[in-house]
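Protein chains: 4
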Amino acid sequence: MHPSPRSEILHAAARAVAAHGFHGMSMRKLAQATGRSTASFYNYFPSKEAVLFAIQSEAFDVLLARARSLLGRFVEPEERLYAFVLNHVRYFASHDHVMRVLIQEATALAPPQRGLVRERKLAYFTLASELVSSVMPEGTPYAEVEKTTYCVFGVLNWIYGWYDPEQHGAPDGLARTIMHLVSGGLVERRTDDALLARVEAELSDHAAPALIADGEQEPIR
Amino acid sequence: MHPSPRSEILHAAARAVAAHGFHGMSMRKLAQATGRSTASFYNYFPSKEAVLFAIQSEAFDVLLARARSLLGRFVEPEERLYAFVLNHVRYFASHDHVMRVLIQEATALAPPQRGLVRERKLAYFTLASELVSSVMPEGTPYAEVEKTTYCVFGVLNWIYGWYDPEQHGAPDGLARTIMHLVSGGLVERRTDDALLARVEAELSDHAAPALIADGEQEPIR
Amino acid sequence: MHPSPRSEILHAAARAVAAHGFHGMSMRKLAQATGRSTASFYNYFPSKEAVLFAIQSEAFDVLLARARSLLGRFVEPEERLYAFVLNHVRYFASHDHVMRVLIQEATALAPPQRGLVRERKLAYFTLASELVSSVMPEGTPYAEVEKTTYCVFGVLNWIYGWYDPEQHGAPDGLARTIMHLVSGGLVERRTDDALLARVEAELSDHAAPALIADGEQEPIR
Amino acid sequence: MHPSPRSEILHAAARAVAAHGFHGMSMRKLAQATGRSTASFYNYFPSKEAVLFAIQSEAFDVLLARARSLLGRFVEPEERLYAFVLNHVRYFASHDHVMRVLIQEATALAPPQRGLVRERKLAYFTLASELVSSVMPEGTPYAEVEKTTYCVFGVLNWIYGWYDPEQHGAPDGLARTIMHLVSGGLVERRTDDALLARVEAELSDHAAPALIADGEQEPIR
DNA sequence: GATGAATGAGAATTCATTCAT
DNA sequence: GATGAATGAATTCTCATTCAT
Numbered sequence: 013m014h015p016s017p018r019s020e021i022l023h024a025a026a027r028a029v030a031a032h033g034f035h036g037m038s039m040r041k042l043a044q045a046t047g048r049s050t051a052s053f054y055n056y057f058p059s060k061e062a063v064l065f066a067i068q069s070e071a072f073d074v075l076l077a078r079a080r081s082l083l084g085r086f087v088e089p090e091e092r093l094y095a096f097v098l099n100h101v102r103y104f105a106s107h108d109h110v111m112r113v114l115i116q117e118a119t120a121l122a123p124p125q126r127g128l129v130r131e132r133k134l135a136y137f138t139l140a141s142e143l144v145s146s147v148m149p150e151g152t153p154y155a156e157v158e159k160t161t162y163c164v165f166g167v168l169n170w171i172y173g174w175y176d177p178e179q180h181g182a183p184d185g186l187a188r189t190i191m192h193l194v195s196g197g198l199v200e201r202r203t204d205d206a207l208l209a210r211v212e213a214e215l216s217d218h219a220a221p222a223l224i225a226d227g228e229q230e231p232i233r
Numbered sequence: 013m014h015p016s017p018r019s020e021i022l023h024a025a026a027r028a029v030a031a032h033g034f035h036g037m038s039m040r041k042l043a044q045a046t047g048r049s050t051a052s053f054y055n056y057f058p059s060k061e062a063v064l065f066a067i068q069s070e071a072f073d074v075l076l077a078r079a080r081s082l083l084g085r086f087v088e089p090e091e092r093l094y095a096f097v098l099n100h101v102r103y104f105a106s107h108d109h110v111m112r113v114l115i116q117e118a119t120a121l122a123p124p125q126r127g128l129v130r131e132r133k134l135a136y137f138t139l140a141s142e143l144v145s146s147v148m149p150e151g152t153p154y155a156e157v158e159k160t161t162y163c164v165f166g167v168l169n170w171i172y173g174w175y176d177p178e179q180h181g182a183p184d185g186l187a188r189t190i191m192h193l194v195s196g197g198l199v200e201r202r203t204d205d206a207l208l209a210r211v212e213a214e215l216s217d218h219a220a221p222a223l224i225a226d227g228e229q230e231p232i233r
Numbered sequence: 013m014h015p016s017p018r019s020e021i022l023h024a025a026a027r028a029v030a031a032h033g034f035h036g037m038s039m040r041k042l043a044q045a046t047g048r049s050t051a052s053f054y055n056y057f058p059s060k061e062a063v064l065f066a067i068q069s070e071a072f073d074v075l076l077a078r079a080r081s082l083l084g085r086f087v088e089p090e091e092r093l094y095a096f097v098l099n100h101v102r103y104f105a106s107h108d109h110v111m112r113v114l115i116q117e118a119t120a121l122a123p124p125q126r127g128l129v130r131e132r133k134l135a136y137f138t139l140a141s142e143l144v145s146s147v148m149p150e151g152t153p154y155a156e157v158e159k160t161t162y163c164v165f166g167v168l169n170w171i172y173g174w175y176d177p178e179q180h181g182a183p184d185g186l187a188r189t190i191m192h193l194v195s196g197g198l199v200e201r202r203t204d205d206a207l208l209a210r211v212e213a214e215l216s217d218h219a220a221p222a223l224i225a226d227g228e229q230e231p232i233r
Numbered sequence: 013m014h015p016s017p018r019s020e021i022l023h024a025a026a027r028a029v030a031a032h033g034f035h036g037m038s039m040r041k042l043a044q045a046t047g048r049s050t051a052s053f054y055n056y057f058p059s060k061e062a063v064l065f066a067i068q069s070e071a072f073d074v075l076l077a078r079a080r081s082l083l084g085r086f087v088e089p090e091e092r093l094y095a096f097v098l099n100h101v102r103y104f105a106s107h108d109h110v111m112r113v114l115i116q117e118a119t120a121l122a123p124p125q126r127g128l129v130r131e132r133k134l135a136y137f138t139l140a141s142e143l144v145s146s147v148m149p150e151g152t153p154y155a156e157v158e159k160t161t162y163c164v165f166g167v168l169n170w171i172y173g174w175y176d177p178e179q180h181g182a183p184d185g186l187a188r189t190i191m192h193l194v195s196g197g198l199v200e201r202r203t204d205d206a207l208l209a210r211v212e213a214e215l216s217d218h219a220a221p222a223l224i225a226d227g228e229q230e231p232i233r
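Here the protein sequences come in this chain order: A, B, C and D. If you read the first sequence in this note's numbering, its first letter stands for residue 13, the second for the next number, and so on. If you read the second sequence in this note's numbering, its first letter stands for residue 13, the second for the next number, and so on. If you read the third sequence in this note's numbering, its first letter stands for residue 13, the second for the next number, and so on. If you read the fourth sequence in this note's numbering, its first letter stands for residue 13, the second for the next number, and so on.
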């Protein structure tokens, strides 16, 4: 009952791409990692890009299918939102290298296939934005819902950048922290716009900084 | 009053790395982009890694220095937190490719230099966590503050993944959306833990999904 | 019945290294010389250093194995010494470029592999020093034997610097000149020519050895 | 009382060539080793080849001039031969990297300059062959004298391959070992030690010669 | 005399891919 | 299906040399 070679390759590829990036992963190393000859590889995937495409599209398929199936069990908005968060967190907690590939290599695919991944991503985003909308104050304009959804995805996507179960506890605990922040914020009270305006005004003189310090640098050699 | 060649190179490199990743950027293309021969390049930076290091370390230096100088103007916790957010958003709104490099290529550097970048990153994180802590309910355990700070950075770091001023309005508006989410959450009321537990229990049968769908796939060719 | 590609490469490499030194030989030129593309090369040897190592270690292996097998046929010290000289001269007379590589590029290898070559060299030297010792006056201190052995190797190793069969006669004549110098010096009695002829006759069946052992080699990668 | 920059460069170059071969020495590293900029280098030598030529031709000039001056002091053949050996050994004992360059890079120069070095080498060889001839049995054919002289040079040239004063004693001791081998061989009477001591005493005033003639040189360009 | 900067050529090596077996 | 061998193109980086200052 081995996993299929195809699946085995996909897993190894995800790990390699996560570790070194799409360009940093080579077919050779991939072949070595799976104990196959480089040439054998092309019996399963016609090109390096095809491997990446398979990872990304199939991962989104799984993610979306699971989310949909889970949401069928809940009616109340906050429950549904949490179910979505929990699904996302659990998936990525156990497959963080896939997460990396999904996020970091979003632009590595060329147009024809890139579009197909984007479609899946959009479906997933749309689902999330509906859930976000349903818990926000009635009448919130869509533009605000959209931006807020992106922010929520920021929280969810950044997990791979820091989360370590040994250090930060089980995935469900992480999901709760996230849900707490997303639902009630840090203070359970939205910061007053007047305060925000005050700060902005105070900083109005602060021009956008130089991209990079452009002063004297010690010469090389 | 030209920018120094060194600075010009750094900017072009940041753009290239952002677009294709560190491994996807080649010294050749970089040289072409700055109108120099490949060999000339090595008069300014001794290696490709040195270019990446310069971008990352100098960007963090600028970011941290600015944040510190801004915070000197405010006393109230929420004001200070917003000043931090605003500084971050403004910097990256105008230099989104630098942001990408900072985030996506965090692991591309080898140990000696990687540590130096990590130090700077830690200083920046520590500053943020103090601000987060100061607006959270008194007595929140540090572990929770830490995780929450990471979540906040998720929101801040993901900006480059979606933010487009033309579509989503000026940076200051984005900063407000973020600050609203972070301070008051979506509903200005933390979701009840009982509800969370209910959902978790309901999903307890849902094993971690296969990394990638492992079914039959149409054969290639 | 072609020679193996591996062996063909090794021969061409020895010629190139002899002509231009290790640093002066380029993989490009080597590839051209063997009618292969540069990249194809790396199917046989993983690096330039590996090529040099193969030449040096395999040449010493052949040389040492032959010397040992020859010495088994003689008992008298002077005969044994001459057999050693003759073996050395014949080998290098027919493969002078290998000799050059052995001598001129002794320091081109990096520590791990360099040590392995040094071990072989030491075994060969030790064998020679025993023979030298056995013909020197009884009681000669080892320090003197050692230095004298080095001097004998000086004579033997320098052959490639000047010897041209067309101009200086057959290898066996060269071996005699060397043996005369070594045994009796410039001004004294030399080894009896009858003895020399005896040894030569005994070795007449020993064809010039393969430049480099051309047997089975462990495959790379 | 600094050495001239020219001479300093020549010394550093000899060391570098000895260590890494002519192709392995780069003008850059040479410049670094002498604390100059690469460009400054070309104020002293018009090309890399010119550096090598200067080392080789000047070294031979010094060697030959010294040998000639020494030989003027002796009449007896064996004394004269030993004086030649002693001069050679002393020179190279103190300047082993020059010796390496002379021997290992004999073919690195292109035809026009290579011939000039060869001329000097021939003069040196001819001198030696006369000395060798004068101690060999009357009537030895020139072909045999020539081959024997090459063998003697083998002994002399190989010194750099093994001689270490710490381990093998002072240069004069080495010269004796060589002279013993050359005169009486391994098994026969050697040159009387009293004779050797006489020559050494006679040359005691002859300090180790400058590595390379450090006089006025015609300016380049 | 000195030097920072420039550069075409070439170094070793790796790449994704193909193909005969 | 598997694979050893082949390869053109690209990789990072170094080379000797030049030249304006």
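Built from N, CA and C at the ideal position, the CB exists for glycine as well.
Could you spell out the range, first to last residue, of the alpha helix (DSSP H) harbouring residue 183(B)? Taken as a continuous stretch (DSSP letters only), the alpha helix (DSSP H) holding residue 183(B) covers 183–196.
Chain-ordered residues of the segment 153–172 of chain C with a beta carbon less than 9 Å from chain D: Flagged, chain order: 155, 156, 158, 159, 160, 162, 163, 164, 165, 166, 167, 168, 169, 170, 171.
Our contact map puts residue 132(C) next to residue 76(C) with C-beta atoms below 8 Å; I'd like the distance itself, whole angstroms only. Contact between residue 132(C) and residue 76(C) holds: CB atoms are separated by about 7 Å, below the 8 Å threshold.
Which of helix, strand or coil DSSP assigns to residue 174(A): The three-state secondary structure of residue 174(A), taken from DSSP, is coil.
Just curious, the alpha helix (DSSP H) that residue 103(A) is in, first and last residue? Per DSSP, residue 103(A) belongs to the alpha helix (DSSP H) from 89–106.
Give the C-beta separation of residue 162(B) and residue 170(A) to the nearest angstrom, bearing in mind that I take them to be a contact with Cβ-Cβ under 8 Å. The C-beta distance from residue 162(B) to residue 170(A) rounds to 7 Å, short enough to fall under 8 Å.
Of all the residues that make up the segment 115–148 of chain C, which are near chain D by a beta-carbon distance shorter than 7 Å? From the segment 115–148 of chain C, only 116, 144, 147, 148 have a Cβ closer than 7 Å to chain D.
Short check: CB of residue 185(B) to CB of residue 196(A), under 8 Å? A distance of 8 Å or more separates the beta carbons of residue 185(B) and residue 196(A).
Backbone CA spacing between residue 62(C) and residue 215(B) [nearest angstrom]: Distance between the alpha carbons of residue 62(C) and residue 215(B): 58 Å.
Quick check on the DSSP output: the alpha helix (DSSP H) that includes residue 39(C) runs from which residue to which? That run of the alpha helix (DSSP H) goes 39–45.
Amino acids of chain B, ordered along the chain, whose beta-carbon sits closer than 9 Å to that of residue 95(A): The answer, in chain order, is 211, 214, 215.
8 Å CB neighbourhood of residue 64(C) in its chain, flanking five on each side removed: Within the same chain, residue 64(C) has close Cβ partners 25, 29, 34, 113, 117, 120, 121.
Do residue 135(B) and residue 96(B) come within 8 Å of each other at the CB atom, strictly closer than that value? For residue 96(B) and residue 135(B), no; Cβs fall outside 8 Å.
Taking residue 20(D) as the reference, which of 84(D), 53(D), 137(D) has the closest Cα? Nearest C-alpha to residue 20(D): 53(D).
Considering only C-alpha positions, which residue in the set 69(C), 100(C), 72(C), 70(C) is nearest to residue 83(C)? Residue 100(C) is the option with its Cα nearest to residue 83(C).
Closer than 8 Å at the beta carbon, the chain A residues around residue 203(B): Result: 90, 94, 191, 192, 195, 196.
How many Å lie between residue 93(D) and residue 176(C) at the Cα? Cα to Cα, residue 93(D) sits roughly 26 Å from residue 176(C).
How would you label residue 183(A), buried or exposed, when you count the other beta carbons within 10 angstroms and need 16 or more for buried? Result: buried.
Helix, strand or coil at residue 20(D) [DSSP, three-state]: Residue state, collapsed to three classes: helix.
Assuming residue 145(B) and residue 164(B) make a contact with CB atoms under 8 Å, what is their CB distance in whole Å? Not quite, the Cβ-Cβ distance comes to about 11 Å (not below 8 Å), so this is no contact.
Can you give the beta carbon distance from residue 207(B) to residue 90(A), rounded, assuming they're within the 8 Å contact cut? Contact between residue 207(B) and residue 90(A) holds: CB atoms are separated by about 6 Å, below the 8 Å threshold.
Taking DSSP as the reference, what is the three-state secondary structure of residue 54(A)? Annotated three-state conformation of residue 54(A) is helix, per DSSP.
Report the rounded CA-to-CA distance for residue 50(C) versus residue 39(C), giving the unit in angstroms. Approximately 7 Å, taken between the alpha carbons.
Kindly list, in the order they appear in chain C, the residues whose Cβ is closer than 9 Å to that of residue 36(D). Chain order gives the chain C residues near residue 36(D) as 33, 34, 35, 36, 120, where near means a beta carbon separation below 9 Å.
Report buried or exposed for residue 79(C), applying the criterion of at least 16 other Cβ atoms within 10 angstroms of its Cβ. It counts as buried.
Within chain C, partners of residue 186(D) - CB distance below 8 Å: Those are 159, listed as they occur along chain C.
When the Cα of residue 166(A) is compared with those of 124(A), 111(A), 153(A), which residue comes out closest? Checking every option, the nearest Cα to that of residue 166(A) belongs to 111(A).
Should residue 108(D) go down as buried or exposed, given a rule of 16 or more other Cβ atoms within 10 Å for buried? Residue burial annotation: residue 108(D) is buried, with at least 16 other C-beta atoms found within 10 angstroms of its C-beta.
Leaving out five residues on either side along the sequence, give the residues of the same chain with a beta carbon under 8 Å from the beta carbon of residue 66(A). Answer for residue 66(A): 22, 57, listed in chain order.
Assign residue 85(C) to one of two classes, buried (16 or more other C-beta atoms within 10 Å of its C-beta) or exposed (fewer than that). Flag for residue 85(C) reads exposed.
With 16 other Cβ atoms within 10 Å as the buried cut-off, status of residue 87(D): Counting C-beta atoms within 10 angstroms of its own C-beta, residue 87(D) has fewer than 16 neighbours from the protein chains shown and is therefore classed as exposed.
Considering only their Cβ atoms, is the gap separating residue 128(C) from residue 69(C) smaller than 8 Å? Yes.
For the alpha helix (DSSP H) that contains residue 161(B), what are its first and last residues? 154–169 is the extent of the alpha helix (DSSP H) around residue 161(B).
Just to confirm my understanding: we take residue 179(D), look at its own chain, exclude 5 residues before and 5 after, and list those with CB closer than 6 Å. What are they? Counting only Cβ-Cβ distances below 6 Å, and skipping sequence neighbours, we find nothing.
Chain-order list of residues whose beta-carbon lies under 6 Å from that of residue 72(D) (same chain, five-residue window excluded): Same-chain partners within the cutoff: 132.
Out of 74(C), 188(C), 16(C), 42(C), point me to the one whose CA is closest to residue 160(D)'s CA. Among 74(C), 188(C), 16(C), 42(C), the Cα nearest to that of residue 160(D) is on 188(C).
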